[in-house]
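Protein chains in written order, with numbering that gives the first Met the number 0: chain U, 0 to 300; chain A, 0 to 411.
We put the beta carbon where it would ideally sit given N, CA and C, even for glycine.
The structure presented is a predicted model; accordingly, all values stated were derived computationally and were not measured.
Notes follow the structure.
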Amino acid sequence: MIFSELYGAYYNTVAAILAEAVTHPVSEKNIGNIIKKYAFSESIWAISDAIKEERWQIVKADGTTPITNKPSMPLTILQKRWLKAIGCDPRLKLFGTFDFDYPDVEPLFLPTDYIIFDKYADGDDYTDERYISNFRLILDAVRNQYPLKIETLNRKGMQISQVVLPEYLEYSEKDDKFRLIGAGNRFESTINLGRIISCKRYEKSLEITQGKCNSARSCYVVFELKDERKALERVLLHFAHFKKVAKRIEENRYSITIYYDREDETEILIRILSFGPLIKVTAPVHFIELMKQRLLEQKKL
Amino acid sequence: MAYNELVKNFKRIRDYMREFYVYGFKSRDEFIQKSTRSYDDERRRLESWLGDYMQFRQTPEGKNIFLSIDSRLTKHNPLFKAWKTKSFTDGDITLHFVLLDILSDPNIRMTTGEITERIDEYLSQFTEPRMFDESTVRKKLKEYVSQGILISEKKGKVLYYRRAENIPLPDKDMLDYFSEVLPCGVIGSFLLDKMEQSSSHFAFKHHYITGTMDTEILYSVFLAIREKRGMTLEIINRYNHRITENYVIPIKVMISVQSGRQYLMAYTPRFNRITPYRTDNIISAKLDTISERFDELQSTFEKMLPNMWGVSTEGRTGARIEHVEFTVHYADDEKHIRNRLEREKRCGIVEHLDHNTSRFSADVFDASEVIPWIRTFICRITEVHFSNKELEEQFKNDINDMYALYGIGGDE
């Protein structure tokens, strides 16, 4: 069972409370802070009251506990099976060498049990030794915040060298590629890992210019749709991963606003085109013009 | 019954999350098929679990509530929280922590009777100690053995219990990544909860989290596939709200990273066909007996894959296979269009006719599935042909409708 109290926020919260109570009496304030950190916004009353009223007989009124050890729970079969499934995934090597050879369980699934049928065919090669070592170095630099000197091939096949302070790695399931997002001193700080020729630790000091900031690049598009041919469901599911607002403007007619990163404008444009006449862009004007331009060019052919 | 932030059954909350996250335009009055009490409770729960993502909008029909999540900015899937809300009894939580403290080391072995006595000693420190009888304790011990937390061993006629070996937790970065990209990723999130909280070093683009709500269904499907078992599915038709029950033999899970949809491809004896079932339309999935046809159906399906663009295994006309092809023209500085065709062609074939022209063709069960992708090449399509002429006409009419939508006239 996945839906089990064993994995619940309340059990984790109580484990954290007990982890303190085994070493010193916990105050109501302590308990409140732990609840805020580990549980939900309304949990404060439910958990505090249950402890105070001794309905859960684990912490006494004086803040001590009969429990003697810091709480821990062995991995469940479910958790071991899922980890064993990771053990079969070629991407695991990116993170190092792991032993998930638990003899008492089978993997929850094998890579052959599922197909991602619409990911792009030119994804990163996770078996390439150079790629693996670059990935590990970059991840280490993200963890420990040191700059890297990275040489890449650009789209035109030219070699480019840049120094970057890595912030995080971004993975796209559709592209099946990793990108490094970081702050650099000259070039844009987004680097496709698959294009890296060499990657080394940069030993000199680095003067950082602006890093990437998604919120500063936020754009929006508004479109209307008529709920025909299951359009509403298709559109809302398709754009589900964006921040969005959906409004019903009249019976069977909807207005959807999608917020996206400016660098993805062309992608958003063709994704909207893919819905054909089911949706019509209504704002902003420049996006309407982009749609018109594509259609005008098509009409000429 | 008094309001409780936790829930016993995930089914109802699954429906509400779908409404608030995927749709998000319904007002309170539109949830009438569920009771208003139920609506108020579920809304309050979701607000407590996912308050940071809940948004409100006042409309003439009333207040609309929706979940607005940019999954590129949230480094951990917030919907996982819903899976951590299972209710329990006061006895459950008391027993859990006391039991695991009594059996704190894998070398400690005790019988049910001994454990029950020790529990009494622990609880005697409270003003009004709870009493757990031996059968209640035995039931909990058995449950924990089935979960793998405890191990039972018989010595002679006596049954002893001990804690399972502690296994060190794996690398956090690895869990941060796989919990977001692998099926049933919430299990990785359960493991992350055991670690010190720290920010993730990963972010995810094009990241669909809609399938999170269907994790338990997917989990059952994987169990059935691994054990080569049949399944009984309860399926809802979202348009007429009819629920049907089907016995199926599961074959494969198909996941779309361009729509977030997940499907179970399964053989349905009643229809004598392999068909897709969307996991969000599966209400329940029960494992049945082992199927002797499992391996045979796997190889049948493998043979079908070269003609599947998406998940459809039959076209609208009933023809076995439909042919589709289109040609695109691009400028000298638009070689990325060639690359797009190559990387996105799936089961199709791409021929480069000259430096500026390429042709895509495919033989598929259902050519209508290819249409949305063809439309992404609008402004470059010079020819398009479907063996299904009705589809070809529909495609061309749709393009004309698009011209009309944007006021692009006849001779413009």
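Could you tell me the boundaries of the alpha helix (DSSP H) in which residue 285(U) lies? 284-299
Rounded to whole angstroms, what's the CA-CA distance from residue 320(A) to residue 363(A)? Just pull it up for me. 5 Å
In the DSSP assignment, find the unbroken alpha helix (DSSP H) run with residue 335(A) in it and report its ends. 335-343
Beta-carbon spacing of residue 152(A), residue 73(U) below 8 Å: no
Should the stretch 228-236 of chain A be regarded as contacting the stretch 84-99 of chain U, the criterion being three or more beta carbon pairs within less than 8 Å? no
Unbroken beta strand (DSSP E) run spanning residue 250(U), endpoints: Note, residue 250(U): premise wrong, no beta strand (DSSP E); not H, not E.
Check each residue of the stretch 138-152 of chain U: if its Cβ is closer than 8 Å to any Cβ of chain A, include it; give the result in chain order. 138, 141 and 142
Determine, for residue 18(U), whether the minimum Cβ-Cβ distance to residues of chain A falls below 8 Å. no
Cβ of residue 54(U) within 8 Å of any chain A Cβ: yes
Beta-carbon gap between residue 301(U) and residue 70(A) smaller than 8 Å: Nothing about residue 301(U) can be reported from this structure: the residues present for chain U run from 0 to 300 only.
For residue 151(U), count neighbouring Cβ atoms within 10 angstroms of its own Cβ and tell me buried if that reaches 16, exposed if not. buried
Going by C-alpha distance, which of 368(A), 401(A) and 64(A) is nearest residue 233(U)? 368(A)
Please list, in chain order, the chain A residues whose beta carbon lies closer than 7 Å to that of residue 72(U). 99 and 148
Where the beta strand (DSSP E) through residue 322(A) begins and ends: 321-328
Given a cut-off of 8 Å, decide if residue 7(U) and residue 83(A) are closer than it, judged by their beta-carbon atoms. yes
Nearest candidate by alpha-carbon position, reference residue 38(U), set 11(U), 276(U), 54(U) and 192(U): 11(U)
Express the C-alpha separation of residue 141(U) and residue 91(A) in angstroms, rounding to a whole number. 42 Å
What is the DSSP secondary structure of residue 40(U), counted as helix, strand or coil? coil
Straight-line Cα distance separating residue 240(A) from residue 36(A): 21 Å
Distance check for residue 226(U) and residue 405(A), CA to CA, integer angstroms please. 19 Å
Less than 7 Å separating the Cβ of residue 18(A) from some heavy atom of the ligand COA? Questions concerning the ligand COA fall outside what the structure shown contains, since it holds no ligand whatsoever.
Per DSSP, what kind of secondary structure is residue 32(U) in: helix, strand or coil? helix
Where the stretch 241-274 of chain U meets chain A: residues whose CB sits under 8 Å from a CB there: 241, 242, 243, 244, 245, 246, 247, 253, 258, 260, 269, 270, 272, 273 and 274
Can you list, in chain order, the residues of its chain with a C-beta nearer than 6 Å to that of residue 386(A)? Leave out the 5 residues immediately preceding and following it. 321 and 322
Considering only the alpha carbon of each residue, which of 106(A), 44(A), 60(A) and 407(A) lies closest to residue 86(A)? 44(A)
What three-state label does DSSP hand residue 275(A) in the structure shown? strand
Is the CB of residue 75(U) under 8 Å away from at least one CB in chain A? yes
With DSSP as the reference, identify every bridge partner of residue 280(U), one or two as the case may be. 222(U)
Is there a C-beta anywhere in chain A that falls below 8 Å from the one on residue 89(U)? no
Note down the Cα distance separating residue 167(U) from residue 180(U), rounded to an integer number of angstroms. 5 Å
Would you please verify whether the beta carbon of residue 121(U) is less than 8 Å from any beta carbon of chain A? yes
Using a Cβ-Cβ cutoff of 8 Å, what residues of the stretch 40-51 of chain U are near chain A? List them in chain order. 40, 41, 42, 45 and 49
On the CB-based measure, 16 or more other CB atoms within 10 Å of its CB, does residue 339(A) come out buried or exposed? buried
Residues that residue 382(A) bridges to, as DSSP identifies them: 326(A)
Just curious, the alpha helix (DSSP H) that residue 241(A) is in, first and last residue? Unbroken run through residue 241(A): none, as it is neither H nor E.
Just checking: is the beta-carbon of residue 258(A) within a distance shorter than 8 Å of some beta-carbon in chain U? yes
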